[in-house]
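Remember, the working numbering sits 3 above the position in the sequence shown when you count from 1.
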Amino acid sequence: MSRSASDSRQRGRIEERASSLRVVVYAGADPVTGRRSYLREKVDGTDKAAYRQAEKVLNKLLTKVNEQRAPSSSATLSYAIDEWLRTTELEDSTRNAYVGYIERVIKPTLGDMAVNKIGVRELENLYATLRRCRARCDGKPFIEKHNAEGEHDCVESQCEPHGCRPMAASTVRQIHSIISGILGAAVRWDWISSNPAKTAQRPRQKPPEPDPPSAADAARLVEAAFEISEDWGTLVWLVMTTGMRRAEVAGLRWSRVDLDAEIIEIRRTYVQSKGKGKEKDTKTHQMRRLALDSETVALLRAHKRWRADELAKVGVELTDDMFVFMSARTTDPTKLYSPDAISRRYKKMAARLKPPIKTHIHALRHFSATELLTAGIDLRTVAGRLGHGGGGATTLRVYAAWVAASDRKAAEVLGSRMPKRRL
């Protein structure tokens, strides 16, 4: 027997079941499948008190639907991912990185689930599994086989016991960020009522551990760079004295170098993705100006004269629109250094030193920052030179140890100026 509080054609009804009541409210057509979607809630009992409670539940669910706070879509996460990628503006390099994580991890694990079924527990289970094993194994021992099917003969290195390799916490945090963006879009599209990724716990972020070269090693690096060539030495010197990012150095044009005013403007960067390069905005999407010291200005003047002479040998005139640093293998003014080429050349140079220096060119940026902070330059000025946003918050987080050293120096300076007291 069934009893309704309203006609079935209306938006809500109360159905009497064996020993309980079920409240059913029509929530509209699913925007993806086109099927009718309903909200349901159970009330124990069938007496008058139960019906009064059911009426309250009915009104509550109707209010939810009216305010569009109730889940109304059974779209899968894979469908939501495709819609998000189609409608979200992303840099090419960022998009390619996201698609890699999506295809390798997110779609295989959660892609078939409806977005309104994904909760905090599902997300945290995924993160815990990835932190245990990036292959998402079940924890039971097994043999990893190569492409041969069935029984076969092979060397031991081709078929061997599986060894779990945890995914880095930073990578899991990146996956979490992607999922959060997708589910945030689903909230905006009224597919779900809230974003569970905002509540889910992600792996802790590893504290930054900058490892700048010592002053002695920095001197060895600069000397080795100038021994290779004047233009390479100037590039390494500029990175070390300004803290510029490698993409900023690669995209620097002469039109942004004012040698008379002793200023460089950082407006554009040069990035590569899948072998193709292009200019783009800076990392923080903000222009900044860097003051240059007289020694750096002199080196850049010499470098400009040298570059003009080299181009003149092939009948090309140096113009302000050309890049400051070009590939070492060509005199074509359109063939600039790519960021990856800069990193590879620097790494090989550092490895050839006796003793070798194990470092990435980004360490020169750390060197610039730590030297300035240790010398007592204020945090806001250092943050501005590095192009850090947040008014110095990023600089403080990364270089906290050197900020503390600078603060100690400031305390000693102030103490030395105070009148002496007899003790």
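All residues carry an ideal CB built from backbone N, CA and C; glycine is no exception.
According to DSSP, what are the bridge partners of residue i?
{"i": "Glu-44", "result": "Val-26"}
{"i": "Met-329", "result": "Leu-339"}
{"i": "Thr-79", "result": "Ala-117"}
{"i": "Gly-31", "result": "Ser-40"}
{"i": "Ala-294", "result": "Ile-266"}
{"i": "Arg-256", "result": "Phe-326"}
{"i": "Asp-261", "result": "Ile-266"}
Run the CB neighbour count on residue i, radius 10 Å, all protein chains shown included, and call it buried at 16 or more, exposed below.
{"i": "Pro-215", "result": "buried"}
{"i": "Gly-379", "result": "exposed"}
{"i": "His-179", "result": "buried"}
{"i": "Ser-409", "result": "buried"}
{"i": "Ser-217", "result": "exposed"}
{"i": "Met-352", "result": "buried"}
{"i": "Asn-198", "result": "buried"}
{"i": "Leu-356", "result": "exposed"}
{"i": "Thr-132", "result": "buried"}
{"i": "Arg-89", "result": "exposed"}
{"i": "Arg-310", "result": "buried"}
{"i": "Val-317", "result": "exposed"}
{"i": "Thr-362", "result": "buried"}
{"i": "Thr-97", "result": "exposed"}
Note down, in chain order, each residue of its chain lying with its Cβ closer than 6 Å to the Cβ of residue i, except the 5 sequence neighbours on either side.
{"i": "Ile-2", "result": "Only positions 4 to 426 of the chain appear in the structure, and residue 2 is not among them; the question remains open."}
{"i": "Ala-203", "result": "Val-123, Leu-126 and Glu-127"}
{"i": "Arg-6", "result": "Residue placement at Arg-6 cannot be trusted, given a pLDDT of 44 that sits under 50; what the coordinates show is reported in the next sentence. Excluding residues within five positions, the ones whose Cβ falls inside 6 Å are Glu-19."}
{"i": "Arg-248", "result": "none"}
{"i": "Gly-229", "result": "Here residue 229 turns out to be Phe, not Gly, going by the sequence shown. Answer for Phe-229: Gly-236, listed in chain order."}
{"i": "Ala-188", "result": "Trp-87"}
Would you call the CB atoms of residue i and residue j closer than 8 Å?
{"i": "Ile-269", "j": "Gly-390", "result": "yes"}
{"i": "Val-406", "j": "Leu-376", "result": "yes"}
{"i": "Tyr-457", "j": "Ile-182", "result": "There is no way to answer for residue 457, as the model of the chain reaches only from 4 to 426."}
{"i": "Ala-52", "j": "Ser-40", "result": "no"}
{"i": "Ser-23", "j": "Lys-45", "result": "yes"}
{"i": "Tyr-130", "j": "Val-175", "result": "yes"}
{"i": "Ile-360", "j": "Asp-220", "result": "yes"}
{"i": "His-306", "j": "Asp-234", "result": "yes"}
{"i": "Gly-246", "j": "Ser-346", "result": "no"}
{"i": "Gly-395", "j": "Ala-403", "result": "no"}
{"i": "Leu-80", "j": "Gly-114", "result": "yes"}
{"i": "Val-401", "j": "Pro-213", "result": "yes"}
{"i": "Ala-172", "j": "Pro-206", "result": "yes"}
{"i": "Arg-292", "j": "Glu-282", "result": "no"}
Could you have a look at residue i and say whether DSSP puts it in helix, strand or coil?
{"i": "Gln-275", "result": "strand"}
{"i": "Arg-207", "result": "coil"}
{"i": "Lys-316", "result": "coil"}
{"i": "Pro-213", "result": "coil"}
{"i": "Pro-164", "result": "strand"}
{"i": "Asp-410", "result": "helix"}
{"i": "Asp-234", "result": "helix"}
{"i": "Glu-282", "result": "strand"}
{"i": "Ile-345", "result": "helix"}
{"i": "Glu-19", "result": "strand"}
{"i": "Arg-137", "result": "coil"}
{"i": "Ser-381", "result": "The question names Ser, but residue 381 is Asp in the sequence shown. Here Asp-381 sits in coil by DSSP."}
{"i": "Tyr-130", "result": "helix"}
{"i": "Tyr-402", "result": "coil"}
{"i": "Ala-386", "result": "helix"}
{"i": "Glu-92", "result": "coil"}
{"i": "Ala-171", "result": "coil"}
{"i": "Ser-197", "result": "coil"}
{"i": "Gly-122", "result": "coil"}
{"i": "Met-352", "result": "helix"}
Excluding the 5 residues preceding and the 5 following residue i in the sequence, name in chain order all residues of the same chain whose CB lies nearer than 8 Å to its CB.
{"i": "Gly-344", "result": "Correcting the residue identity first, residue 344 is Ala in this sequence and not Gly. The residues are Ser-330."}
{"i": "Arg-14", "result": "Val-28, Tyr-29, Leu-65 and Val-68"}
{"i": "Val-225", "result": "Gly-236, Val-239, Trp-240 and Met-243"}
Among residues of its own chain, excluding the 5 on either side of residue i, which ones have a beta-carbon nearer than 7 Å to its beta-carbon?
{"i": "Cys-136", "result": "Cys-167, Arg-168 and Pro-169"}
{"i": "Leu-339", "result": "Ala-253, Tyr-273, Phe-326, Phe-328, Met-329 and Ser-330"}
{"i": "Gln-275", "result": "Ser-341, Pro-342 and Asp-343"}
{"i": "Asp-428", "result": "As shown, the chain starts at 4 and ends at 426. That puts residue 428 outside it, with no answer to give."}
{"i": "Ser-258", "result": "Asp-323 and Asp-324"}
{"i": "Arg-25", "result": "Glu-18, Arg-43 and Lys-45"}
{"i": "Lys-209", "result": "Ala-172 and Ser-173"}
Using 8 Å as the limit for Cβ to Cβ distance, is residue i near chain B?
{"i": "Thr-397", "result": "Note that chain B does not occur in the displayed structure, where there is just one protein chain."}
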